Amino acid sequence: MDGKWMMTEIRILSRGGQGGVTAAKVLAYSGHLGGKFVQAIPKYGAERKGAPIFADVRIADKHVKTHAPVITGNTHSWIVLESSLVETMPLDDITPGTIIVINSKEIPPALKEKKSLKIGKVDAVDIARECGLIKSGTMMVSATMLGAWIKATGLISLEELIAAIKHQFGEGELAEANIRSIRMAYERFEFVN
Amino acid sequence: MDNESEMKDPVLPLGRPTVGSAPGPGTTGDWRTSKPIFFEEQCTKCYQCWLYCPEGTIRVDAKGEYPYIDYVYCKGCGVCVHVCPQDALKMEKE
Amino acid sequence: MRKVVQTMKNPNVQLLTGNAAVATAAKLARPKVIPAYPITPQTLIVETISGMIARGEFDCDFVNVESEHSAMGAAIGASLGGVRTFTATSAHGLLYMGELVWWAGVTRVPIVMPVVNRSLNPWNIWPDHQDSMTFRDAGWIQFYAKNNQEVLDLTLCAFKIAEHHKVWMPVMICLDGFILSHTSAQVEIPTQEEVDEFLPPFKPLAMLDPDDPFAHGSLTDSKGIWEQRMSLIDGFNNARVIIPKVFHEYYEKFGRLSKEMIEIVGDINDANVAIVAIGTLGEEAEQSLEVLNKRGIKAVVIRPRVIRPFPKKELIAALRKVPKLLVIDRAVSFGNAGQLAIEIQAELYANKVDIEFHQIIRGLGGMDVTYMDIASEVGKIM
Numbered sequence: 001m002d003g004k005w006m007m008t009e010i011r012i013l014s015r016g017g018q019g020g021v022t023a024a025k026v027l028a029y030s031g032h033l034g035g036k037f038v039q040a041i042p043k044y045g046a047e048r049k050g051a052p053i054f055a056d057v058r059i060a061d062k063h064v065k066t067h068a069p070v071i072t073g074n075t076h077s078w079i080v081l082e083s084s085l086v087e088t089m090p091l092d093d094i095t096p097g098t099i100i101v102i103n104s105k106e107i108p109p110a111l112k113e114k115k116s117l118k119i120g121k122v123d124a125v126d127i128a129r130e131c132g133l134i135k136s137g138t139m140m141v142s143a144t145m146l147g148a149w150i151k152a153t154g155l156i157s158l159e160e161l162i163a164a165i166k167h168q169f170g171e172g173e174l175a176e177a178n179i180r181s182i183r184m185a186y187e188r189f190e191f192v193n
Numbered sequence: 194m195d196n197e198s199e200m201k202d203p204v205l206p207l208g209r210p211t212v213g214s215a216p217g218p219g220t221t222g223d224w225r226t227s228k229p230i231f232f233e234e235q236c237t238k239c240y241q242c243w244l245y246c247p248e249g250t251i252r253v254d255a256k257g258e259y260p261y262i263d264y265v266y267c268k269g270c271g272v273c274v275h276v277c278p279q280d281a282l283k284m285e286k287e
Numbered sequence: 288m289r290k291v292v293q294t295m296k297n298p299n300v301q302l303l304t305g306n307a308a309v310a311t312a313a314k315l316a317r318p319k320v321i322p323a324y325p326i327t328p329q330t331l332i333v334e335t336i337s338g339m340i341a342r343g344e345f346d347c348d349f350v351n352v353e354s355e356h357s358a359m360g361a362a363i364g365a366s367l368g369g370v371r372t373f374t375a376t377s378a379h380g381l382l383y384m385g386e387l388v389w390w391a392g393v394t395r396v397p398i399v400m401p402v403v404n405r406s407l408n409p410w411n412i413w414p415d416h417q418d419s420m421t422f423r424d425a426g427w428i429q430f431y432a433k434n435n436q437e438v439l440d441l442t443l444c445a446f447k448i449a450e451h452h453k454v455w456m457p458v459m460i461c462l463d464g465f466i467l468s469h470t471s472a473q474v475e476i477p478t479q480e481e482v483d484e485f486l487p488p489f490k491p492l493a494m495l496d497p498d499d500p501f502a503h504g505s506l507t508d509s510k511g512i513w514e515q516r517m518s519l520i521d522g523f524n525n526a527r528v529i530i531p532k533v534f535h536e537y538y539e540k541f542g543r544l545s546k547e548m549i550e551i552v553g554d555i556n557d558a559n560v561a562i563v564a565i566g567t568l569g570e571e572a573e574q575s576l577e578v579l580n581k582r583g584i585k586a587v588v589i590r591p592r593v594i595r596p597f598p599k600k601e602l603i604a605a606l607r608k609v610p611k612l613l614v615i616d617r618a619v620s621f622g623n624a625g626q627l628a629i630e631i632q633a634e635l636y637a638n639k640v641d642i643e644f645h646q647i648i649r650g651l652g653g654m655d656v657t658y659m660d661i662a663s664e665v666g667k668i669m
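Residue numbers (the working numbering), protein chains in the order written: chain P, 1 to 193; chain Z, 194 to 287; chain G, 288 to 669.
The structure is reproduced here in structure tokens:
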């Protein structure tokens with residue numbers, strides 16, 4: 001925005017069932033715990049397993065007055081939960097320097113050409129499998145990817161994220177598995193450019 | 194007007210059934226073309242006529258008493274004649 | 288006045304969706320009967336409340352009805368039975384309960400009902416104000432909330448206003464579907480003790496009593512209808528006075544809302560243009576002020592948070608101070624224009640306000656309206 005105050009806008013791209021909407025809530029809650037003003041905005045409509053969906057998060061120094069989805073040109077970072085979703089991204093509208101955190105073994109070709117963006121990857125599917133985060137045959141990579149995102153951006157602390165995970169899932173094995181996956185993604189995430 | 198005590202109170206649509214509340218003078222008995230006649234000797238005091246009368250014009254003053262018809266309000270619909278199991282009521286032309 | 292402190296140390300500030308804010312406010316108000324039927328995007332209100340009641344978190348009968356028509360029917364019955372009553376709906380659900388919405392409105396049954404705004408036919412689940420605007424003449428007080436916090440605040444005030452014996456009429460709290468209902472944002476939740484101090488127990492003005500039977504809303508002749516309609520007009524005039532009083536009490540106690548039925552953001556004495564919008568579009572317009580300021584346009588946002596009774600006096604007083612006006616509607620009266628625009632134009636004429644008037648319709652069927660869009664619309668009329 002301007003020099004007086006900061007508003008960070010994050011878009012999470014995912015497929016229905018991967019936990020993108022939950023990730024937005026958890027990320028917003030982490031910001032809330034850090035004393036920031038936040039919004040988690042799910043885009044509903046195509047809530048079918050496998051359908052491409054997105055959810056937005058805003059983290060700001062003061063009360064957020066806008067209610068619209070994030071403006072693509074303003075985004076600070078994108079979290080992509082499945083690599084083929086890169087094809088749905090308006091890559092030409094995204095401001096140079098924007099951070100793209102992608103769940104993939106390899107960087108998709110369309111992204112490789114975008115040298116102006118700061119791109120990083122982690123194999124969250126592998127991590128989710130290792131941590132037993134499997135629901136109805138799907139690897140739940142949403143929390144895992146948040147671990148990669150905080151490594152990439154440093155905007156939220158690991159402790160705040162872990163506290164938010166506990167708030168979302170309660171104490172117990174599910175929360176512990178998610179926290180393990182977050183720590184692993186935090187370790188394994190790397191920028192490729 | 195800003196003073197609450199000077200504000201008008203709401204008028205609520207509350208009503209109680211009253212005798213003779215139909216439009217006009219309210220004496221619905223004059224709508225009749227035939228009237229039910231009651232024969233005490235056949236009546237078993239089952240009070241079906243009292244229960245079914247759609248206008249409440251068949252009265253029973255106390256349990257054990259015979260019912261009687263208020264002809265000022267009876268519209269002559271004949272329901273009582275229809276439901277009486279003892280044929281203690283008959284319709285008669287006015 | 289209390290200030291909201293946004294830290295981990297203030298446990299009363301929680302991240303809530305608009306629907307969760309509604310459910311929380313409803314619980315704090317201690318209604319005794321909630322008959323409701325789920326419909327997107329209101330479903331989470333019903334789910335959350337039925338869960339709270341099932342877990343014994345508050346003492347209330349939740350009535351699982353088979354339709355919205357029955358929901359309002361049961362709500363009317365419960366309210367006439369002498370208890371605080373709450374329900375919630377949206378879009379097609381509101382239309383389906385339509386007959387009984389009018390019953391509750393014109394026969395004065397003080398039910399509180401959030402309407403999660405959603406577009407009408409053909410099938411579309413996204414927000415606009417067409418559903419609630421269709422019922423603005425039904426004898427209900429109507430609020431439009433700008434954010435999740437205001438959803439909670441207005442819902443709590445709604446009970447106090449509806450049940451005031453000089454008002455005694457139902458209240459609709461309108462919140463934009465998804466934009467508020469499903470978006471998580473911070474909401475400060477008052478404690479039960481604070482709410483109990485603010486909101487006294489339900490005191491029926493008339494109560495159905497099997498030992499002393501009477502009928503509510505039985506066949507009424509023309510004269511009786513006339514008398515009741517005139518009384519309803521008086522009731523809305525009373526509400527014009529009572530609503531600001533209750534808002535002010537709320538402000539004194541909780542530090543939010545103000546005693547005005549409209550909210551003005553920006554310096555109205557120095558503005559070149561005013562933007563009038565309701566619901567989240569109002570707050571979106573607030574965000575555009577910064578952008579406009581950078582472009583050298585001094586704008587002000589005038590947002591009615593109450594649409595029925597229509598805050599004529601406040602709007603006219605504000606609009607006298609600006610040379611230009613842009614009204615943004617999120618609904619249409621087909622064959623005429625946006626409802627807000629129509630009503631403001633009528634007041635401008637009646638009060639001989641000399642102002643350049645512009646109107647646009649935006650955001651129907653959930654079309655996104657960003658603060659940049661609003662800024663560019665304002666730019667076009669400058």
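Glycine is no exception: its CB is placed at the ideal position from the N, C-alpha and C atoms. Treat the numbers as computed from the prediction; the structure is a model and nothing was measured.
So, with DSSP's three-state summary, where would you put residue i?
{"i": "P:MET184", "result": "helix"}
{"i": "G:TRP427", "result": "coil"}
{"i": "P:PHE37", "result": "strand"}
{"i": "G:ARG527", "result": "helix"}
{"i": "G:GLU634", "result": "helix"}
{"i": "G:PHE446", "result": "helix"}
{"i": "G:HIS379", "result": "helix"}
{"i": "G:ILE412", "result": "coil"}
{"i": "P:ALA51", "result": "coil"}
{"i": "G:GLY511", "result": "helix"}
{"i": "P:LEU81", "result": "coil"}
{"i": "P:ILE190", "result": "Note on residue identity: the sequence assigns Glu, not Ile, to residue 190 of chain P. Looking at P:GLU190 - three-state DSSP - the assignment turns out to be strand."}
{"i": "G:ASN516", "result": "One point to set straight first is that residue 516 of chain G is Arg, not Asn, in the sequence displayed. In the structure shown, G:ARG516 sits in a helix (DSSP, three-state: H, G or I)."}
{"i": "Z:TYR261", "result": "strand"}
{"i": "P:ASP2", "result": "Because P:ASP2 carries a pLDDT of 42, less than 50, the predicted location of this residue cannot be relied on, and the following value inherits that uncertainty. Strand."}
{"i": "G:VAL454", "result": "coil"}
Answer with yes or no whether the minimum CB distance from residue i to chain G is below 8 Å.
{"i": "P:ALA23", "result": "no"}
{"i": "P:PHE37", "result": "yes"}
{"i": "P:GLY45", "result": "yes"}
{"i": "P:ILE12", "result": "no"}
{"i": "Z:LEU244", "result": "no"}
{"i": "Z:GLU248", "result": "no"}
{"i": "P:THR88", "result": "no"}
Determine, using beta carbons only, whether residue i comes closer than 8 Å to chain P.
{"i": "G:HIS469", "result": "yes"}
{"i": "G:LYS667", "result": "no"}
{"i": "G:ASP346", "result": "no"}
{"i": "G:GLN672", "result": "Summary: the structure shown does not reach residue 672 of chain G, with chain G confined to residues 288 through 669, and so no result is reported for it."}
Which residues in the same chain as residue i place their Cβ atom closer than 7 Å to its Cβ, once the five residues preceding and following it in sequence are excluded?
{"i": "P:PRO108", "result": "SER83, VAL86"}
{"i": "G:LEU387", "result": "HIS356, MET359, GLY360, ILE363"}
{"i": "P:ALA163", "result": "LEU33"}
{"i": "P:GLU159", "result": "none"}
{"i": "G:GLU601", "result": "GLU547, MET548, ILE549"}
For residue i, which beta-bridge partners are listed by DSSP?
{"i": "G:PHE373", "result": "G:VAL399"}
{"i": "G:ILE549", "result": "G:PRO591"}
{"i": "G:GLN473", "result": "G:LEU302"}
{"i": "G:CYS461", "result": "G:VAL402, G:TYR431"}
{"i": "P:LEU13", "result": "P:PHE54, P:VAL80"}
Please confirm whether residue i has its beta-carbon closer than 8 Å to some beta-carbon of chain Z.
{"i": "G:HIS503", "result": "yes"}
{"i": "G:SER419", "result": "no"}
{"i": "G:ARG595", "result": "no"}
Leaving out the 5 sequence neighbours to the left and right, which residues in its chain are closer than 6 Å to residue i when beta-carbon positions are compared?
{"i": "G:PHE373", "result": "ALA313, PRO318, ILE321, VAL399"}
{"i": "P:GLY17", "result": "LYS49, THR138"}
{"i": "P:GLN39", "result": "ARG58, VAL64"}
{"i": "G:HIS416", "result": "ASN404, ARG617, ALA618"}
Rounded C-beta distance between residue i and residue j? I'm assuming under 8 Å.
{"i": "Z:PRO229", "j": "Z:ILE262", "result": "6 Å"}
{"i": "G:ILE460", "j": "G:THR478", "result": "So it is not a contact: roughly 21 Å between Cβ atoms."}
{"i": "P:ILE41", "j": "P:ASP56", "result": "4 Å"}
{"i": "P:LYS36", "j": "G:SER471", "result": "The Cβ separation is near 13 Å, so there is no contact."}
{"i": "P:ARG11", "j": "P:VAL70", "result": "6 Å"}
{"i": "P:ALA175", "j": "P:THR144", "result": "About 13 Å separates the two Cβ atoms, so there is no contact after all."}
{"i": "G:ASN556", "j": "G:LYS510", "result": "So it is not a contact: roughly 50 Å between Cβ atoms."}
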